[in-house]
Amino acid sequence: MSGFGFYGHWLLGGVLLVLVIASLIGYRLTQRPLSERGRATVDNLNARIRAWWAMCAVFAAALACGDLGTVLLFALVSFLGLREFITLTPTRRGDHETLFWSFFVFLPLHYWLVGTRWYGLFAILIPVYAFLFLPLRSALAGDTEHFLERSAKIQWGLMICVYAVSHAPALLMLEIPGYSGQNATLLIWLVLVVQLSDVLQYVFGKLCGRRAIVPRLSPNKTVEGFVGGVLSAALIGTALWWATPFTPWQAFMLALLVTLLGFAGGLVMSAIKRDRGVKDFGAMIEGHGGMLDRIDSLCFAAPVFFHAVRYWWT
Amino acid sequence: MSGWRVECAAALLVGVCRVLTGVRALWRDVAPQAGPRVYFANHASHLDGLVIWAALPGPLRQHTHPVAARDYWDASPLRHWLAGEVFGALLIERNGETRDRQTVLEPLLAMLDAGEALILFPEGTRGDGSAIQPFKSGLYHLARQRPEVELVPVYLENLNRVLPKGTVLPVPLLCAARFGAPLRLEDGELRADFLTRARAAVEALAQ
């Protein structure tokens, strides 16, 4: 059982304070006379803030329910993410049973391994067994049209939405000397830094964004937003070193690592959206789009962070 | 049958439907409202009726009745109970040779006269999801005998991928129910023309 004792409460208290301040600013902005476009931006901003309240409340409630609650929350996140991913992926009738296996066998089994801390099988269930079994199941269905593409898409969906995301709650299974019972705090730190980086990239981009990094992919991802967001989030991650097993310098390096990976995740997932001709993966989170739009950065940051911590700190 | 079982079953089915499909209702040029109406939709899965039913605002559900095939829904006691008690479905014979048109229509017309709404799948049977089949004439006869009733086209997106014909294993995918502008039978409009127009109205919602 790992909780988020003393330091975790401070982190969550800080998040609460930031949300209150953000809501106050959001409210003040609605009181000012604005152009139509400015009004739309402010409305979207307030919708995002409202959604952040809800997301933080759900995350905190799940953490309060202990390891089981946390693992179940991320399993649900994976389920909703994979549902969005497969919805956008053109599959055929021959993939139906393969998809059933992905959603109702491999996804629950994988999270069961997270919950029972079976690291050996957790690390290989999807990359070895699911990757070999799923194309076999599709092949048995006998439809060879676009076979390689279809197999690759299902495997990628499982890899991103289930395998990658699950490395966030998998932090709970690490045994870090001198930090026992605090792993959930490390999870809060990771999620906080990655999501803050997204928010700050958005804020810096809106305030002073000029040059788009990859204009064809996303006009909203600018050099100014990237530098401002990544650096400020990394500095906040450093300032919160006391909640982690890291020294301030290590905390800075790891925060920089996860914010850069978060940016990479956002970029890759944008490329997928452009490929499929959509703006958002879904519409379940007001102002944000779908579940995958919210967790795209975590998909890339979580596995690398997990392995960095596992390699150097356990 | 006691009320709480019906309500639990309804809540459970709507919940399962939400997990599997997300049930997104998109109302275009039409708004949900009480009163006699016919919702008619493309048909690709056993979940279709449930999805439209779940997409409606709660208070409208108990006044909206799917029209379904008796041979399927009477096949087991559970199905019979679900159809009759939970969905308030109207079961009809779909075998054309053994039925008389007006006998089939009477209960439907009675429902409309009582101010209730119907859900109808004019293709008559589930397709494979690739194209909408030609419509059967029931919709036309309802429109001719109750010209004042609004006919609302509905396009169900992705349902054929959730639970295609020939499997009992569902796959969760985001689905949408798109509701379009209501149609009415025009003066002197021929049966074939009306059915083509109604089918085109559903097809147009696919874009």
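Respectively, the protein sequence lines represent chains A and B.
Per UniProt numbering, residue 1 is the first one in the first sequence, and the count goes up by one each step.
Per UniProt numbering, residue 1 is the first one in the second sequence, and the count goes up by one each step.
Yeah, the Cβ is synthetic: ideal placement off N, Cα and C, and Gly gets one too.
Just so we're clear, the structure is a prediction, and the values are computed from it rather than from any experiment.
| query | result |
| --- | --- |
| For the alpha helix (DSSP H) containing residue 77 of chain B, list its first residue and its last residue. | 77–81 |
| So, residue 180 of chain B versus residue 160 of chain B, is the Cβ gap smaller than 8 Å? | no |
| Check whether the Cβ atoms of residue 259 of chain A and residue 197 of chain A lie closer than 8 Å to each other. | yes |
| State buried or exposed for residue 273 of chain A, treating a residue as buried only when at least 16 other CB atoms are found within 10 Å of its CB. | buried |
| Would residue 167 of chain B count as contacting chain A if we go by Cβ distances under 8 Å? | yes |
| Output, in chain order, the set of chain B residues within a Cβ distance shorter than 8 Å of residue 139 of chain A. | In chain order: nothing, as chain B lies at least about 18 Å away. |
| According to a CB-to-CB cut-off of less than 8 Å, which residues of the segment 85–100 of chain A neighbour chain B? | 86, 87, 91, 93, 96, 97, 99, 100 |
| When the Cβ atoms of the segment 187–194 of chain A are set against those of the segment 79–86 of chain A, are three or more pairs found closer than 8 Å? | no |
| So residue 174 of chain A packs on residue 314 of chain A, CB below 8 Å; how close in whole Å? | 5 Å |
| For residue 178 of chain A, which residues in the same chain have their Cβ closer than 8 Å to its Cβ, ignoring the five residues on either side in sequence? | 245 |
| Going along the chain, which residues of the segment 273–293 of chain A sit with their C-beta nearer than 8 Å to a C-beta in chain B? | 282, 283, 284 |
| Under three-state DSSP, which class holds residue 182 of chain B? | coil |
| Note the first and the last residue of the continuous beta strand (DSSP E) segment covering residue 307 of chain A. | That residue, residue 307 of chain A, is in no beta strand (DSSP E); its alpha helix (DSSP H) goes 291–313. |
| With 16 other CB atoms within 10 Å as the buried threshold, where does residue 6 of chain A fall? | exposed |
| Within the same chain, show all residues whose beta-carbon is closer than 6 Å to that of residue 115 of chain A, passing over the 5 residues directly before and after it, in chain order. | 71 |
| Please list the terminal residues of the continuous alpha helix (DSSP H) segment that includes residue 27 of chain B. | That residue, residue 27 of chain B, is in no alpha helix (DSSP H); its beta strand (DSSP E) goes 24–27. |
| Which same chain residues, not among the five before or five after residue 83 of chain B, have their C-beta less than 7 Å away from its C-beta? | 68, 73, 89, 91 |
| Got a sec: is the Cβ-Cβ distance from residue 103 of chain A to anything in chain B below 8 Å? | yes |
| For residue 157 of chain B, which three-state DSSP category applies? | strand |
| The alpha helix (DSSP H) spanning residue 288 of chain A covers which residue range? | Note, residue 288 of chain A: premise wrong, no alpha helix (DSSP H); not H, not E. |
| Might you give, ordered along the chain, the residues of its own chain that have their beta carbon closer than 6 Å to the beta carbon of residue 106 of chain A, omitting 5 neighbours on each side? | 130 |
| Take residue 25 of chain B and list the residues in its own chain whose beta-carbon comes closer than 6 Å to its own, dropping the five residues that flank it on each side. | 55, 177 |
| Would residue 150 of chain A pass as an interface residue toward chain B - the criterion being a Cβ-Cβ separation below 8 Å? | no |
| Is any heavy atom of the ligand ADP found at a distance shorter than 7 Å from the C-beta of residue 51 of chain A? | Although the ligand ADP was asked about, the structure shown includes no ligands whatsoever. |
| I'd like to know if residue 210 of chain A contacts chain B, where contact means its C-beta is closer than 8 Å to some C-beta of that chain. | no |
| For residue 290 of chain B and chain A, any beta-carbon pair shorter than 8 Å? | For chain B, the structure presents residues 1 to 207; residue 290 of chain B sits outside this window and is missing. |
| Please list the residues of the segment 167–184 of chain B that have a C-beta atom closer than 9 Å to any C-beta atom in chain A, keeping them in chain order. | 167, 169, 170, 171, 172, 173, 174, 175 |
| Assuming residue 118 of chain B and residue 65 of chain B make a contact with CB atoms under 8 Å, what is their CB distance in whole Å? | 6 Å |
| So which residues of chain A does residue 164 of chain B contact, with C-beta pairs closer than 7 Å? | 93, 96 |
| Tell me the DSSP bridge mates of residue 37 of chain B? | B/117, B/150 |
| Who are the neighbours of residue 42 of chain B on chain A, taking C-beta pairs under 7 Å? | Those within 7 Å of residue 42 of chain B in chain A number zero; the least Cβ separation is about 17 Å. |
| Does DSSP put residue 91 of chain B in a helix, a strand or coil? | strand |
| Under 8 Å between beta-carbons, which chain A residues line up against residue 24 of chain B? List them in chain order, please. | 283 |
| Mind listing the chain B neighbours of residue 83 of chain A? Cutoff is C-beta to C-beta under 8 Å, in chain order. | 22, 172, 173, 174 |
| Are residue 317 of chain A and residue 285 of chain A touching if we call contact CB-CB under 8 Å? | This structure cannot settle anything about residue 317 of chain A, because the visible part of chain A is limited to 1 through 314. |
| Which residue marks the beginning of the alpha helix (DSSP H) containing residue 70 of chain A, and which one marks its end? | 66–88 |
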